[in-house]
């Protein structure tokens with residue numbers, strides 16, 4: 017029973033992020049504002065993230081992603097979307113971060129590691145190449161289980177998963193270049209999470 021729950025969570029997350037990426041790269045963003053040292057803050061979860069200079073975060077992108085997630089009936093909440101270029105470009109070189117969360121308090125025995133292993137298993141069944149993982153990286157002192165994956169369409173992602181205070185947090189970072197990875201490492205250093 018517990019494995020079925022973990023498998024369901026893993027499948028939903030993997031499918032949602034694949035669909036989300038395709039959906040948002042086809043839409044137009046009309047409220048593009050590039051950051052200069054701005055911080056994203058979510059008071060409910062006690063999360064802050066520094067938005068890199070010349071990257072953007074729009075409510076329109078967040079809304080689009082949440083609409084796609086809602087069609088999946090996953091009960092996930094999109095907290096923030098940060099991207100290098102306006103999503104209307106639809107270019108495959110658009111680095112972006114999507115952070116979503118889901119209440120998993122009704123599954124008290126499910127661990128972050130179990131979820132990461134099921135995400136890996138599901139990714140492999142869907143033809144996604146798991147380059148590396150799961151392995152652990154700390155974000156603000158919290159162990160996140162990480163998968164480095166490459167989808168069939170060449171999209172490369174780092175997927176971070178952790179359960180914090182009864183909520184499953186999934187951070188997906190899509191990238192193409194070493195510069196994007198360097199920026200991602202700066203983003204990670206800036207993240208704070210209430211424990």
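Numbering (this note's numbering), first residue to last: 17 to 211. Backbone N, C-alpha and C define an ideal beta-carbon position, used for all residues, glycine too.
- Per the C-alpha coordinates, the member of 69, 92, 114 positioned closest to residue 187 is 114.
- According to the DSSP assignment, residue 202 belongs to the alpha helix (DSSP H) that extends over 194-206.
- One thing to note: residue 126 has its Cβ no nearer than 8 Å to the Cβ of residue 158.
- In the DSSP assignment, residue 112 forms a beta bridge with 99, 190.
- Inclusion of residue 95 and residue 63 in the CB contact set at 8 Å is warranted, their separation being smaller than that value.
- Minimum Cα-Cα distance from residue 209 among the listed residues 69, 149, 184 corresponds to 184.
- Counting the other CB atoms within 10 Å of its CB gives residue 150 a total of 16 or more, which places it among the buried residues.
- Per DSSP, reduced to three states, the secondary structure at residue 128 is helical.
- Among the bridge pairs identified by DSSP, residue 93 is matched with 117.
- As the crow flies, the alpha-carbon of residue 154 is around 30 Å from that of residue 76.
- The beta carbon of residue 58 sits closer than 6 Å to those of 95, all from its chain and outside the five residues before and after it, given in chain order.
- Cβ neighbours of residue 176 within its own chain (closer than 6 Å, five residues either side excluded): 160, 162, 187.
- The C-beta of residue 116 has 16 or more other C-beta atoms within 10 Å across all chains shown, which makes the residue buried.
- Under the 10 Å beta carbon count, residue 112 is surrounded by 16 or more other beta carbons and is classified as buried.
- Of 110, 65, 121, the smallest CA-CA separation from residue 201 is found for 65.
- Nearest in C-alpha terms to residue 110, of all of 197, 205, 135, 141, is 197.
- Per DSSP, reduced to three states, the secondary structure at residue 173 is strand.
- Counting the other Cβ atoms within 10 Å of the Cβ of residue 147 gives fewer than 16, which makes it exposed.
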